[in-house]
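First residue of the sequence shown? That's 13 in the numbering used here, and the numbers climb one at a time after it. From the three backbone atoms N, C-alpha and C, an ideal C-beta is built for every residue, glycine too. These figures come from a predicted structure and were not determined experimentally.
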Amino acid sequence: MKLQRFLTIAVLLFAGSVFAQSRTVEGTVSYGKAPIKGITIAVQGSAKTTKTDDKGHYKIDLAPSESTLIFTGEGLISQYVKLKKKQTQLDVTLEFSDMDLAIAKGLVDKRDISNAQVTMTPSGNIQGTMDIKHIIEGKAPGVTYRDGYVYIRNEQCLLYMVDGSEVENLLMLNPSDIDEVTIVKDGTASVYGGKGINGVVLITTKSAKIK
Numbered sequence: 013m014k015l016q017r018f019l020t021i022a023v024l025l026f027a028g029s030v031f032a033q034s035r036t037v038e039g040t041v042s043y044g045k046a047p048i049k050g051i052t053i054a055v056q057g058s059a060k061t062t063k064t065d066d067k068g069h070y071k072i073d074l075a076p077s078e079s080t081l082i083f084t085g086e087g088l089i090s091q092y093v094k095l096k097k098k099q100t101q102l103d104v105t106l107e108f109s110d111m112d113l114a115i116a117k118g119l120v121d122k123r124d125i126s127n128a129q130v131t132m133t134p135s136g137n138i139q140g141t142m143d144i145k146h147i148i149e150g151k152a153p154g155v156t157y158r159d160g161y162v163y164i165r166n167e168q169c170l171l172y173m174v175d176g177s178e179v180e181n182l183l184m185l186n187p188s189d190i191d192e193v194t195i196v197k198d199g200t201a202s203v204y205g206g207k208g209i210n211g212v213v214l215i216t217t218k219s220a221k222i223k
């Protein structure tokens, strides 16, 4: 009888220990400020999956041995994220591989993207190409790059700021030195005055961050 009681207590303690190590991870998936719905979140090494809701929110339970989440969606670049030991909150920003496809599939609302201030940070998938056109194009609807100038819906941007200083165009910019590109458009760009009427391009370089 004593042995049976001991074994019962041991099993309960073990189960409690395993439960204590399990965790629920939640967060949002977005592009800029625009939520992305229908993104599949999978647990690496497991059959567990979930999807983001209409607000880009997700929640998933992880076992103690599970630590890597995979975010995938049509028209978007997949992302693998390894969680820290006790991390329970994870917000993810995805980039487009094909924006038109993502919009057509209903993952993102074109109006949400069009009204957003779009920030583009060069990531592993484009470093090595070192091409400004590749960094800028395809990251927001209607944004193109040609001969040193950025165009939004075929209207040429008139204001370019690099590390806080105005420049005429981006021809002299070293692509490998780009840390972050932000395109401000529509009503938000009006705070920059007349030159901001067609949008504003803000660039931060790696050199400036080191200083």
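Exposed unless 16 or more other CB atoms sit within 10 angstroms - verdict on residue i
i	result
Asn171	Rather than Asn, the amino acid found at residue 171 in this sequence is Leu. Buried: at least 16 other Cβ atoms inside 10 Å.
Ser177	exposed
Gly57	exposed
Met184	exposed
Gly39	buried
Phe31	For Phe31, the pLDDT reaches just 46, beneath the cut-off of 50, and the residue's location in the model is therefore unreliable, leaving the point undetermined.
Lys218	exposed
Close-in-space but distant-in-sequence residues of the same chain around residue i (CB under 7 Å, 5 per side omitted)
i	result
Lys117	Glu86 and Gly87
Leu182	Ile144, Gly160 and Tyr172
Val179	Tyr172
Arg165	Gly154
Val120	Tyr43, Ala46, Ile48 and Ala114
Asp66	Lys49
Lys207	Leu170 and Leu171
Contacts around residue i, its chain only, beta-carbon distance under 8 Å, and the 5 residues preceding and following it disregarded
i	result
Lys122	Ile115 and Pro153
Ser42	Ile48, Gly68, Asp103, Val104, Thr105 and Leu106
Val162	Ile148, Val155, Thr156, Gln168, Cys169, Tyr172, Leu182, Ile195, Gly211 and Val213
Anticipated Cβ contact below 8 Å, residue i with residue j, distance rounded
i	j	result
Lys100	Val37	According to the sequence displayed, residue 100 carries Thr and not Lys. Indeed they touch by this definition, with Cβ atoms about 6 Å apart.
Tyr157	Glu167	Actually they are not in contact, since the Cβ atoms of Tyr157 and Glu167 sit about 13 Å apart, beyond 8 Å.
Asp175	Thr216	6 Å
Ser34	Ala75	6 Å
Beta-carbon proximity list for residue i, same chain, < 6 Å, skipping 5 on both sides
i	result
Thr62	Ile53, Tyr70 and Ile72
Ser29	Because Ser29 carries a pLDDT of 46, less than 50, the predicted location of this residue cannot be relied on, and no value is offered for it.
Val93	Leu81
Gly50	Lys63 and Leu119
Asp189	Thr217, Lys218 and Ser219
So does the segment 106-126 actually touch the segment 71-79, counting three or more Cβ pairs closer than 8 Å? no
Secondary structure, beta strand (DSSP E): runs of 3+ residues fully inside the segment 168-220: Counting whole runs of 3 or more residues, the segment 168-220 contains the beta strand (DSSP E) stretches 171-174, 177-179, 190-196 and 212-217.
Could you tell me which whole beta strand (DSSP E) segments of length 3 or greater appear in the segment 67-94? 69-74, 80-84 and 91-94
My parser needs the beta strand (DSSP E) runs of 3 or more residues fully inside the segment 29-60; what are they? 35-43 and 52-55
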